[in-house]
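First up is the structure itself, then whatever we jot down about it.
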Amino acid sequence: MLSQLTGDFLYATVALFVIIDPIGTAIIFAALTTHDDAPKRQVIARRASIISFVVLLIFGLAGEELLRLLGIGIPALQIAGGALLFLSAKDMVTAKGELRATDQEREAARTTTEDISVFPLAIPLIAGPGAMTTMVLLHAKANGQPGAIAAVSIALGAMIVATFVAMLAARTLARLMGATGASVVGRVLGILVAALAAQFILEGLHQALHL
């Protein structure tokens, strides 16, 4: 039982890590908050972390029921979600990122005095389409088992905390990694996201075809 819960936790942690990408998020956070002092950066990072955690947790818990009301089955979501994750992976490998914050959104965030913790930081940078889809699929994989659901929720909390810590250390991290280091990390994570997407699609086809 304990080994199964540990496996569920590790699987969810890896899946959420490659999707949320704390390091890449921190690099972008550093660019978005160039003109902010340390206390303001901390407030923005904390607010964005809380918002993204609540959004992803609710989406994971209620997303499957919403799909049921719409007449959408889990196999269909797994296949569609896998396709969506492939797009995310493509953007990560080619360093485009259309499904995350765009260059125009980042530039607007730099030049505005408005709070950026909700947009584009929490949504779509942290709690983007890929992360939302992953949460629904992870909860579907838990199959209603309280222990497995708790493991997914704890994994989400751990990844949000890791992202928060990375954002607090964003400027140091960006300086140490440099543009080349950040690019390499992003591409490696993109390949892992592509593999995760393939797994989701294969599982969806397996259930749909009853193989």
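Basically my numbering = 1-based index in the sequence shown + 994.
Using N, Cα and C, we set each Cβ at its ideal position, and we do this for glycine too.
task: Using only alpha-carbon positions, find the residue among L1186, G1075, L1162 and S1177 that is nearest to G1018.
output: S1177
message: So the candidates are A1168, L1078, A1160 and L1167; which of them puts its Cα closest to the Cα of T1128?
response: Among A1168, L1078, A1160 and L1167, the Cα nearest to that of T1128 is on L1078.
query: Nearest to L1130 by alpha carbon, out of A1116, V1146 and I1117?
result: Looking at the sequence provided, one finds Val at residue 1130 rather than Leu. Per the Cα distances, V1146.
- prompt: Straight-line CA distance for L1026 to G1180?
  reply: 18 Å
message: Our contact map puts M1153 next to L1010 with C-beta atoms below 8 Å; I'd like the distance itself, whole angstroms only.
response: 4 Å
Alpha carbon of S1251 to alpha carbon of A1134, nearest angstrom: Given that the chain is displayed from residue 995 to residue 1205, the structure contains no residue 1251 and the question cannot be resolved.
- request: Leaving aside the five residues before and after F1003 along the sequence, list all residues of the same chain whose C-beta is less than 7 Å from its C-beta, in chain order.
  value: A1145, I1148 and A1149
task: Can you tell me which of D1015, A1056, T1166 and A1032 puts its alpha carbon nearest to the alpha carbon of V1087?
output: D1015
message: Checking 8 Å against the spacing of the C-beta atoms, do A1032 and A1168 come in under that value?
response: no
query: Which value, in whole angstroms, describes the spacing of the CA atoms of G1065 and T1157?
result: Whole-angstrom Cα-Cα distance: 34 Å.
query: Measuring CA to CA, which of Q1072, G1054 and V1049 is closest to E1197?
result: Ranking Q1072, G1054 and V1049 by CA distance to the CA of E1197 puts Q1072 first.
- request: Whole angstroms is fine: what's the gap from G1175's alpha carbon to L1063's?
  value: If you take the alpha carbons of G1175 and L1063, they lie about 45 Å apart.
field: For T1166, the nearest candidate out of L999, A1006 and I1021 (CA to CA)
entry: I1021
query: From A1202 to I1195, what does the alpha carbon distance come to, in whole angstroms?
result: 10 Å
task: Output yes or no for whether 8 Å exceeds the beta carbon distance between I1110 and V1049.
output: no
task: Just the C-alpha distance for G1067 and G1075, rounded to the nearest angstrom, thanks.
output: Computed Cα separation, rounded: 12 Å.
- request: Kindly list the residues whose CB is nearer than 7 Å to the CB of L1186, restricted to its own chain and excluding five residues on each side of it in sequence; keep chain order.
  value: V1012.
- request: Please work out which residues of its chain come closer than 6 Å, Cβ to Cβ, to H1204, disregarding the five sequence neighbours upstream and downstream, and give them in chain order.
  value: none
Neighbourhood of L999 by C-beta distance below 6 Å, restricted to the same chain and skipping five residues each side: G1141 and A1145
Any chain D beta carbon closer than 8 Å to G1138: Here chain D cannot be found, since the structure has a single protein chain.
task: State the Cα-Cα distance for the pair R1035 and F1053, rounded to the nearest angstrom.
output: 27 Å
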